[in-house]
Amino acid sequence: MKEENKAASAASRDGFTSSFGVLAATLGSAVGLGNIWKFPYLTGTNGGAGFLVVYVLATLLVGLPVMIAEIMLGRKAKANAYTAMKTLSPAGQPWWLISVLGVLSAFLIMAFYSEVAAWVFAYVFKAAGSGLLTSDPKVTESVFGQLISNPLQSLLWQWLVLVLMGCILLLGVSKGIEAATKKLMPLLFVLLVVVGVRSLMLPGASEGLKFLFQPDFSKITGAVVLTAVGLAFFKLSIGMGTMMTYGSYFRDDQNIPATAFRVMCADLFVSMLAGIAIFPAVFAFGFKPAAGPSLLFITIPAVFHNMLFGHVFMFAFFVLTAVASMGAMLSILEVPIALMNEHFKMKRSTATWLSLALLALVGATCALSNSSMAGFKLFGMTTFDLFDFMTSNIMMPLGGIGLCLFVGWVWGKQRFEQELTNHGRLRNQGLLDAVFTVLRWVSPLLILIVMLKGLHVF
């Protein structure tokens, strides 16, 4: 009777309805603000094409196997991350703690990520006006400083972003997440191509391409390799319950390894397009590339001002940056919403608004980290930096290691292959043997090394 009830419950759950919907939603989760500035910058400053080779290898050894495992567990359980691990774990073994780390990570990441996204959405409107029409980086630096140091603006934009995400998530998985990402991902690609083509037409743009793609293998050091491994792990939205939650919405006939590989390739392609859109223009006008907010919010507006029709392309750039942030936020928010909806039996609308209210409360401490709460610090860090540090260096790596150990040593090879061959319907035995071996031995070791480096153990 319990099995029948479980099957009926799984059948009644909302889920993705098409292969393209699965790909768009999963890619939307992996693509984020890091694609627009962090990935291109790290590629350029760590050996260009040489770093790309290391990154792809690291993705094959860390990011891709863990993503496959996480999606597999979600689809098998047809439940939120916590219920999935609770259901699939042997009786009496606390593997469900992996999902607790994941849910908490997702919540804390959203608390500070929503504020960065808020800056992006604010800049969409600033780019539409005349406030950013200057070639002086000092002016754009002042505009950005005024935004993040204004408590009211910081809170207002963060709450607007949260409400926008909530309105989409209220529609459910197929009519909300899937429908939105099926429109957002093609729009992202189109905008990236348009801005990229314009950037490549600038005199001196070739220097930007050399920055990105000309290999300098002398820069490939041990630290660079660890940077690539860390990026491969964090870039694909694994270790925080998002892929397990999305996996629970996969159809039973979905080819999980093939889908994960397509997501990996498409995510890499988006990052490369972003680099092509940004760095030829940066070099063409004599600016120096820099990481983080200084590139995205200070250098980029000054760069686009120098272009013909730069106002239009600057607006398009910040629209595509906002689009990139939306897919990631939808997947992160879905983790606590699914938990409240299924485990605590809340209506989806109640779970959505409660999640948003809690995030507005906790996220406010991050939004105010550059203004009225700048002096409030824990362990020498603002709440914004603390949440970033905890999730990136402790919680997500521990969750990733736990997933590897659970699948590789508890779940076992037989069930792993049974699920990923779709019970024998797919001919991918050789591939799965390799993935399982990597997941069991290589991935957890590499994630552990990255975690220890992040904690400054060595």
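Numbering (the working numbering), first residue to last: 12 to 469.
Even glycine gets a Cβ: it sits at the ideal position worked out from N, Cα and C.
- Item | Limits of the alpha helix (DSSP H) - the one that M340 falls within | Walking along the sequence shown from the start, residue 340 turns up at place 329. Run containing M340: 321-353, per the alpha helix (DSSP H) assignment.
- Whose C-beta lies closer than 6 Å to the C-beta of A333 among residues of the same chain, with five residues either side of it excluded? Working through the sequence shown from its first residue, we reach residue 333 at position 322. Here the set comprises V131, F132, V135.
- Residues in its own chain within less than 7 Å of L115 by CB, not counting five upstream and five downstream? The residue you call residue 115 lines up with position 104 of the sequence shown. Residues of the same chain with a CB within less than 7 Å of the CB of L115, apart from the 5 flanking positions on each side, are M406 in chain order.
- Message: Quick check on DSSP: helix, strand or coil for L389?
- Response: For the purposes of this step, residue 389 is identified with residue 378 of the sequence shown, where counting begins at 1. Three-state result, L389: strand.
- Would you kindly check if the distance between the Cβ of S454 and the Cβ of C415 is under 8 Å? The residue given as residue 415 occupies position 404 in the sequence shown. The residue given as residue 454 occupies position 443 in the sequence shown. Taking 8 Å as the Cβ cut-off, C415 and S454 qualify as a contacting pair.
- Message: Below 8 Å, how does it come out for the region 38-55 and the region 347-363: are there three or more Cβ pairs, yes or no?
- Response: Because the criterion of three Cβ pairs below 8 Å is not met, the region 38-55 and the region 347-363 do not touch.
- Query: To the nearest whole angstrom, what separates the beta carbons of S259 and A88, a pair I think is in contact under 8 Å?
  - Reply: Position 248 of the sequence shown holds residue 259. Position 77 of the sequence shown holds residue 88. Sure, about 6 Å apart at Cβ, within 8 Å.
- Task: Look at the alpha carbon of S360 and the alpha carbon of L181, and state the distance between them as a whole number of angstroms.
- Result: Mapped onto the sequence shown, residue 360 falls at position 349. Mapped onto the sequence shown, residue 181 falls at position 170. For S360 and L181, the distance between alpha carbons rounds to 6 Å.
- Message: Does P300 pass the burial test, meaning 16 or more other C-beta atoms within 10 Å, or should it be called exposed?
- Response: Numbered from 1 along the sequence shown, position 289 holds the residue referred to as residue 300. With a threshold of 16 other beta carbon atoms within 10 Å, P300 meets it and is buried.
- Query: Are the region 64-78 and the region 226-242 in contact at 8 Å, needing three or more beta carbon pairs?
  - Reply: As far as the Cβ criterion goes, the region 64-78 touches the region 226-242, which means the pair count is three or higher.
- Task: Tell me where the alpha helix (DSSP H) around A80 begins and ends.
- Result: Taking the first residue of the sequence shown as 1, we reach residue 80 at position 69. Taken as a continuous stretch (DSSP letters only), the alpha helix (DSSP H) holding A80 covers 75-88.
- Query: CA-CA distance, M318 and L166?
  - Reply: Numbered from 1 along the sequence shown, position 307 holds the residue referred to as residue 318. Numbered from 1 along the sequence shown, position 155 holds the residue referred to as residue 166. One C-alpha to the other measures close to 33 Å.
- Give every residue of the same chain whose Cβ lies closer than 8 Å to the Cβ of V111, excluding the five residues on either side of it in the sequence, and list them in chain order. In the sequence shown, the residue the question calls residue 111 occupies position 100. Excluding positions up to five away in sequence, the list reads Y93.
- Message: By alpha-carbon positions, which one of V346, V281, A327, L247 ends up nearest to A90?
- Response: Position 79 of the sequence shown, counted from the first residue, corresponds to residue 90. Answer by Cα proximity: V346.
- Message: Check this for me: beta carbons of F222 and F296, under 8 Å apart or not?
- Response: Taking the first residue of the sequence shown as 1, we reach residue 222 at position 211. Taking the first residue of the sequence shown as 1, we reach residue 296 at position 285. It is not a contact, given that the beta carbons lie outside the stated cut-off.
- Item | Of the listed residues L344, L144, S40, nearest to H316 (C-alpha basis) | Against the sequence shown, residue 316 aligns to sequence position 305. In this structure, L144 is the residue among L344, L144, S40 with its C-alpha nearest to the C-alpha of H316.
- Task: For my contact list, S146 and A313 are in at a C-beta cut-off of 8 Å; report their separation, rounded to the angstrom.
- Result: To locate residue 146, count along the sequence shown from 1; it is residue 135. To locate residue 313, count along the sequence shown from 1; it is residue 302. Going by Cβ atoms, the distance from S146 to A313 rounds to 5 Å, so yes, they are a contact pair.
- Express the C-alpha separation of R86 and I309 in angstroms, rounding to a whole number. Taking the sequence shown and counting its residues from 1, one reaches residue 309 at position 298. Taking the sequence shown and counting its residues from 1, one reaches residue 86 at position 75. C-alpha separation (whole angstroms): 43 Å.
- Message: Nearest by alpha-carbon distance to A243: which of L463, K424, I458, D25 is it?
- Response: Position 232 of the sequence shown, counted from the first residue, corresponds to residue 243. A243 has its Cα closest to that of I458, out of L463, K424, I458, D25.
- Item | Local conformation of K358 per DSSP, three classes | Here residue 358 corresponds to residue number 347 of the sequence shown, with the count starting at 1. DSSP places K358 in coil when its eight states are reduced to three.
- For L223, the three-state DSSP class (helix, strand or coil): Position 212 of the sequence shown, counted from the first residue, corresponds to residue 223. It is helical.
- Task: Grab me the residues of V204's own chain with a C-beta within less than 8 Å of its C-beta, minus the 5 sequence neighbours each way, in chain order.
- Result: Looking up residue 204 in the sequence shown gives position 193. Same-chain partners within the cutoff: L284.
- Query: What do you reckon, are the CB atoms on G43 and A335 nearer than 8 Å?
  - Reply: The residue given as residue 43 occupies position 32 in the sequence shown. The residue given as residue 335 occupies position 324 in the sequence shown. Contact: yes.
- Task: Leaving aside the five residues before and after L466 along the sequence, list all residues of the same chain whose C-beta is less than 8 Å from its C-beta, in chain order.
- Result: If you number the sequence shown from 1, residue 466 lands on position 455. Within the same chain, L466 has close Cβ partners N404, I405.
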